[in-house]
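Here is the structure we will look at, set down as structure tokens.
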Amino acid sequence: MRMAPPPATATALSDPERIALAEIELCGELIIAASAAAEERLSADRIDEVLRVGARRPHQGRP
1 MRMAPPPATA TALSDPERIA LAEIELCGEL IIAASAAAEE RLSADRIDEV
51 LRVGARRPHQ GRP
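The sequence shown begins at 1 in full-length UniProt numbering and counts up by one.
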């Protein structure tokens, strides 16, 4: 069976559209991690791990 090629708009995304899709993907990753977690909330370290954040940054403006 032959598949139709994707529409031209699927490959020609603007920068805001690419950013929005990346944010949606990251939110999905967080939702999956949260649903699989045994605890009620994800820790900051677990969130960083899921989002593939390199170094932890100090909280600015937070106690």
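The beta carbon of each residue, even a glycine, is placed where N, CA and C say it ideally should be.
Its chain contains no residue whose beta carbon lies nearer than 6 Å to that of CYS27 once the 5 sequence neighbours on both sides are disregarded.
Bounds of the alpha helix (DSSP H) holding LEU26 are 15 to 36. VAL50 is positioned such that its CB atom lies no closer than 7 Å to that of ALA37.
Assignment of ALA12 by DSSP, reduced to helix, strand and coil, places it in the coil class. Your pair LEU30 and ILE19 does not check out as a contact, with CB atoms roughly 17 Å apart and the cut at 8 Å.
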